[in-house]
């Protein structure tokens, strides 16, 4: 019986998220445009996430290279290390790890911020002040996450490759120029473009789930915490689902 | 000069009904609010007082009944008309609802900029300073809400309520959570605002000091209905046990 109730609640939640997303798609292009708030959110969501994304990207590239090296040595293909690391970072690890870090930092912050605004009646106050809170709070944030994550992912990929360069040089000796030549030679259009496109969907998922959880937060401070937590968990799961779908679609289209 | 009987009706609530599931919160609730009049809606916690003002401002939709504000029916307004009407109504939220991420100045600027009213920068500064001066907190203009005490936050919220020079002000439990001295200061401000700006106010409260000092009329909300509608002194002398329990 419990499993039926859980399944029912799950489907209800999926339906509510779909309705919230539909409302966003209907609302976002209609005036009035909250341009100032959108740029403010781009600054907060994009620029202020850069140090964390950069640091984790650098460590990711470095560790991945160090972990791969022993196996590459065993197979006698150590010289291919920059190419393998480059493909792994650009195609999969860079976008997905960046999106997960982004979901942790931005998804939770949006969930908590909107949740606390809801609990303290700030969203009602906005509506009374002649503002459409959905446009002002949700549309500006979802557009900012959708546009900022791809940029952060590109920067993270680049910084990861510098980490990988350091990793290659811990136990070997490769010039920066040779490293980059090997990385770029190994990559094709089919590696870069699908990976780049899916980051838009990751960004959209983080924004829409963070806003949905915060905007529909239950009354009370406990509800704010739950919204922040649920925003990260649901967005992270959604990132993996989108990633899975992206692989299938690119495979079907012959881009693999 | 207008007499009591010819005062303009600014808010008319008739036979309002609102329910949540099987719980009937408002049941044929009716009253009228006149210009330059303070009405306090008195009722127990959870009796539907806050629901009433949220229906009036259009944040909740009633199941039935009519709400006429300044001659216009709220339930028939489109979004643009509702926004224009809301510009004439001030709403002081129970939780103050100050925007945490904005300074006091930005909090006060927000309604000015949002209601499509064109103001020059100097005019905006003047309006903000006037509103802050009304609540005697001009020095807090660049502070964040988190830096203010509970009483100061309430007064800033009141300043924001006044910023558009509303004709009607809705107060949702304005003294809840405040110490008796600060609560008395807020009540005094409510009375000063009414006298200075000739506003009509609907005050939701269960603070008997607020009822006594701020009300011209008291509307008692019991079991979703308008149980009594009279002056504080008349109600205080009533022998009805449902009314008496509030004054004991």
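Chains as they are written, first to last, in my numbering: chain C, -3 to 252; chain S, 13 to 260.
For every residue, glycine included, the Cβ atom is placed at its ideal position computed from N, Cα and C.
- In this structure residue 104/S touches residue 169/S by the C-beta definition: roughly 6 Å separates them, less than 8 Å.
- The C-alpha of residue 157/S is placed about 10 Å away from the C-alpha of residue 117/S.
- Leaving aside the five residues that flank residue 94/S on each side, the residues in its chain whose CB is nearer than 6 Å to its CB run, in chain order, 70.
- At a beta-carbon threshold of 8 Å, the residues of chain S lying near residue 118/C are 109, 110, 111, 112, ordered along the chain.
- It is roughly 14 Å from the alpha-carbon of residue 224/C to the alpha-carbon of residue 96/C.
- When C-beta distances to chain C are compared with 7 Å, the residues of the region 75 to 104 of chain S below that value are 95, 98, 99, 103, in chain order.
- Listed in chain order, the non-local C-beta contacts of residue 195/S below 6 Å within the same chain comprise 187, local neighbours out to five positions each way being set aside.
- Neighbours of residue 169/C in chain S, taken as residues at a C-beta separation under 7 Å, are lacking, since the least C-beta distance is about 51 Å.
- The secondary-structure analysis by DSSP pairs residue 102/S across a beta bridge with 181/S.
- The C-alpha of residue 241/S lies about 11 Å from the C-alpha of residue 228/S.
- DSSP places residue 178/C in no beta strand (DSSP E) but in the uninterrupted alpha helix (DSSP H) bounded by 172 to 182.
- Rounded to the nearest angstrom, the gap between the Cα atoms of residue 234/C and residue 161/C is 31 Å.
- Secondary structure at residue 142/S: helix, using DSSP grouped into helix, strand and coil.
- Contacts with chain C at 9 Å (Cβ-Cβ) include residue 66/S.
- Residues of the region 28 to 57 of chain C whose Cβ lies closer than 8 Å to any Cβ of chain S: none.
- A straight line joining the alpha-carbon of residue 28/S with that of residue 60/S spans about 12 Å.
- Contact between residue 56/C and residue 89/C is confirmed by a C-beta separation of about 7 Å, below the 8 Å threshold.
- For residue 140/C and residue 33/S, the gap between their C-alpha atoms comes out near 38 Å.
- Shown here, residue 149/S sits in coil according to DSSP, grouped into three states, outside any helix or strand.
- Taking 9 Å as the cut-off, the beta carbon of residue 60/C is found no closer than this to the beta carbon of residue 98/C.
- A contact between stretches requires three or more CB pairs, one per stretch, nearer than 8 Å, and the region 68 to 86 of chain S fails this requirement with the region 130 to 140 of chain S.
- Among the CB atoms of chain C, none fall inside 9 Å of the CB of residue 251/S.
- In the structure shown, the three-state DSSP call for residue 234/S is strand.
- Residue 249/C has no beta-bridge partner at all, per DSSP.
- Between the alpha carbons of residue 67/S and residue 149/S lies a distance of about 31 Å.
- Looking at the backbone, the Cα of residue 221/C and that of residue 211/C are separated by about 13 Å.
- Pairing residue 49/S with residue 176/S, the inter-Cα distance amounts to about 19 Å.
- Note that the C-beta distance between residue 53/C and residue 155/C is below 9 Å.
- Nearest to residue 206/C by alpha-carbon distance, out of 1/C, 121/C, 112/C, is 112/C.
- Out of 20/S, 23/S, 41/S, 26/S, the CA that lies nearest to the CA of residue 236/S is found in 41/S.
- The three-state reading of DSSP puts residue 25/C in coil, since its state is none of H, G, I, E or B.
- Relative to residue 204/S, the option among 193/S, 226/S, 260/S, 255/S whose CA is nearest is 226/S.
- The contact set of residue 174/S on chain C, defined by CB atoms closer than 7 Å, is empty, because the minimum CB distance reaches about 13 Å.
- Using a Cβ distance threshold of 9 Å, residue 230/C and residue 86/C do not count as a contacting pair.
- Comparing C-alpha distances from residue 138/C to each of 198/C, 116/C, 163/C shows the shortest one belongs to 198/C.
- With 16 or more neighbouring CB atoms inside 10 Å of its own CB, residue 217/S falls in the buried class.
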